[in-house]
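Let me begin by presenting the structure, written as structure tokens, before commenting on it.
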Amino acid sequence: MQEKFSRILIGNVLKSIRTEKKIPIKKVAQNMDVSEATISQFETGKNKPTNEKIALFTEICGQSFNFDLDRNLIMDRVYDIYDLYTDLKKEELNKTIQIVKDTHNIACSYARFEYYLILYMDAIINQKEVDTALYKGIIELGKNNFSVRELSIYYDIMALEKIYSNEIKEALGYLDKALSNKGNHLMINYHYCSIYLDLGYFNLAQQYIHKSLKMAVQQLSFDRLYYLLLNQGVLYMYTSRYDEANKLFLKLLNESIKRQNEIMKYCILSNLVFTSLIQKDIKSGFDYLNRIDEQFTDDLDLRMYKCLLYYFAHEYTKSKECIASFFRDVKDSKYHKNFIRALKYMMDNKPMKAIDNFETCYQIALKNGQYDRAIFILKQLNELYLDCGLQNKLKKVKELQENFYKMSYANQIIEDIGLKLN
Numbered sequence: 001m002q003e004k005f006s007r008i009l010i011g012n013v014l015k016s017i018r019t020e021k022k023i024p025i026k027k028v029a030q031n032m033d034v035s036e037a038t039i040s041q042f043e044t045g046k047n048k049p050t051n052e053k054i055a056l057f058t059e060i061c062g063q064s065f066n067f068d069l070d071r072n073l074i075m076d077r078v079y080d081i082y083d084l085y086t087d088l089k090k091e092e093l094n095k096t097i098q099i100v101k102d103t104h105n106i107a108c109s110y111a112r113f114e115y116y117l118i119l120y121m122d123a124i125i126n127q128k129e130v131d132t133a134l135y136k137g138i139i140e141l142g143k144n145n146f147s148v149r150e151l152s153i154y155y156d157i158m159a160l161e162k163i164y165s166n167e168i169k170e171a172l173g174y175l176d177k178a179l180s181n182k183g184n185h186l187m188i189n190y191h192y193c194s195i196y197l198d199l200g201y202f203n204l205a206q207q208y209i210h211k212s213l214k215m216a217v218q219q220l221s222f223d224r225l226y227y228l229l230l231n232q233g234v235l236y237m238y239t240s241r242y243d244e245a246n247k248l249f250l251k252l253l254n255e256s257i258k259r260q261n262e263i264m265k266y267c268i269l270s271n272l273v274f275t276s277l278i279q280k281d282i283k284s285g286f287d288y289l290n291r292i293d294e295q296f297t298d299d300l301d302l303r304m305y306k307c308l309l310y311y312f313a314h315e316y317t318k319s320k321e322c323i324a325s326f327f328r329d330v331k332d333s334k335y336h337k338n339f340i341r342a343l344k345y346m347m348d349n350k351p352m353k354a355i356d357n358f359e360t361c362y363q364i365a366l367k368n369g370q371y372d373r374a375i376f377i378l379k380q381l382n383e384l385y386l387d388c389g390l391q392n393k394l395k396k397v398k399e400l401q402e403n404f405y406k407m408s409y410a411n412q413i414i415e416d417i418g419l420k421l422n
């Protein structure tokens, strides 16, 4: 069995190097003075080449094979990097990645596929602007040589890439693959709870939050624990349990200040601004907004909240200035543009035009799978329909809110539930 595995690994490595360098089989065969069929047998694992032949094969491809590198050592690096990612130890994670990158001729060794998996992890975890197609193409050629744990890590990172690009259904598919490869890891459960939270499936989100919290405590992954508690606070917020949300957010805020974690502090303060808006606690909203570090104040949601706070505080001049500034700067977000237009029409006492823009916001949020935003917009439409005496539309909103409620507390994803406004 070991002999067969070894042949397949060698064949996959050789084929991967040759195809990456775009060297025809014919050229390799001629330079090695063997038939093309022999090269094909090397690459498929039917025939195991000697070290001399491996060295000659890779030399023809412009590479020098590193026979001394211990593949098991690099496999351990994969696990270490994933564990450091789980524990949010970014500095150690990047040091470990750099050690791998500095390893002599690692791309031309038995650890070739682990190396490209690490490059892929680096690109996604650190959100680098690189084309990951090359990494994934090479990994796909050799993933049949991965351990079960490596496979689960690979699929989890693929899911993370899809989460970042807002391709949620695809992300769930990769998470399912990760889980099927004995991938009952903290991060896989964490990604499930984050997705279900964004999708509005709050019962499923709660189940995965509870499971992840238990795992984080068992693994002493306390930094990740705080982000899970943040998710719990967001879940309280989305389900209108604002007092519970605020209580948890304030505890986490104190912890983020102690830890000097600016990202965590920003996330918590943003949520506190949002809950203040919902509860029409304008003073607290401004207090929390003013505590956010200047580096984060360009966030579109925060700028939108600021305009709303001025509006609810009846400071219409400042609200108009805020809206004008927003329009000058915002370019690509149709959701934010329509929301701010709706707010402007509300200030200009043009409720029907405000309704049109809020309805557009709702459709955009629904299309993008941003059900938290969709629910928030329904609350605005509910008030406007009520003020304008639009009973038919008011009835539809009540129906939609009920459907969201049913969906939120389902134990599985309901594909055909009616959520469309028209």
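Once you know that position 329 of the sequence shown is 329 in UniProt numbering, the rest is easy, because the numbers rise by one and skip nothing.
Built from N, CA and C at the ideal position, the CB exists for glycine as well.
Values in this document were obtained by computation on a predicted structure and should not be read as measured data.
- By the C-beta density criterion, L381 is buried, having at least 16 other C-beta atoms within 10 angstroms.
- A Cβ-Cβ separation of about 11 Å leaves N203 out of contact with Y405 under the 8 Å criterion.
- Comparing alpha carbon positions, the residue from D329, K320 and Y335 closest to D348 is K320.
- The beta carbons of A365 and Y335 sit closer together than 8 Å.
- Note that the C-beta distance between Y154 and K162 is not below 8 Å.
- Ranked by Cα distance from R224, the first of S256, L250, K46 and Y196 is S256.
- In the DSSP assignment, C193 falls within the alpha helix (DSSP H) that extends over L186 to L199.
- It is roughly 26 Å from the alpha-carbon of Y238 to the alpha-carbon of I323.
- Comparing alpha-carbon positions, the option among I54, R291 and L69 lying closest to G62 turns out to be I54.
- Per DSSP, I375 is one residue of the alpha helix (DSSP H) stretching across Y371 to C388.
- The C-alpha of S194 is placed about 15 Å away from the C-alpha of I413.
- Here the segment 239-246 makes no contact with the segment 103-110; the two share fewer than three CB pairs at distances below 8 Å.
- Buried is the label assigned to P49, since at least 16 other Cβ atoms lie within 10 Å of its Cβ.
- Apart from the 5 residues on each side of it in sequence, S284 sits with its Cβ closer than 7 Å to the Cβ of S276 in its chain, given in chain order.
- The beta carbon of Y311 sits closer than 8 Å to the beta carbons of S319, L343, M346 and M347 from its chain, once the five residues preceding and following it are set aside; these are given in chain order.
- Around the C-beta of L386, fewer than 16 other C-beta atoms lie within 10 Å, and the residue is accordingly described as exposed.
- Of G200, L228 and K353, the smallest CA-CA separation from L213 is found for L228.
- The Cβ atoms of F249 and I278 do not sit closer than 8 Å to each other.
- N144 counts as exposed, since fewer than 16 other beta carbons sit within 10 angstroms of its beta carbon.
- S152 sits close to H185, with the two beta carbons spaced by under 8 Å.
- Taking 8 Å as the cut-off, the Cβ atoms of I74 and E114 count as close.
- Of the residues assessed, T44 falls on the exposed side of the cut-off, its CB having fewer than 16 other CB atoms within 10 angstroms.
- Y110 sits away from I139, with the two beta carbons spaced by 8 Å or more.
- For G142, the closest of S221, S64, L84 and S6 by C-alpha to C-alpha distance is S6.
- DSSP places V34 outside both helix and strand once states are collapsed to three, so it counts as coil.
- Relative to the Cα of L197, the nearest Cα in the group I209, I188 and M187 belongs to I209.
- DSSP, read as helix, strand or coil, puts I23 in coil.
- Here Q30 is exposed: its Cβ has fewer than 16 other Cβ atoms, across all protein chains shown, within 10 Å.
- In this structure, the straight-line span from the alpha carbon of L84 to that of E92 is close to 7 Å.
- Linking T317 to V330 through their CA atoms gives a straight-line distance of about 20 Å.
- Counting the other Cβ atoms within 10 Å of the Cβ of F65 gives 16 or more, which makes it buried.
- Your pair I81 and I118 checks out as a contact, with CB atoms roughly 6 Å apart and the cut at 8 Å.
- Straight-line spacing of the CA atoms in F42 and M407 works out to 54 Å.
- Distance between D68 and Y79, taken at the CA atoms: about 21 Å.
- Residues N189 of the same chain have their beta carbon placed closer than 6 Å to that of K211, with the five preceding and five following residues left out of the count.
- As the crow flies, the alpha-carbon of T297 is around 53 Å from that of I8.
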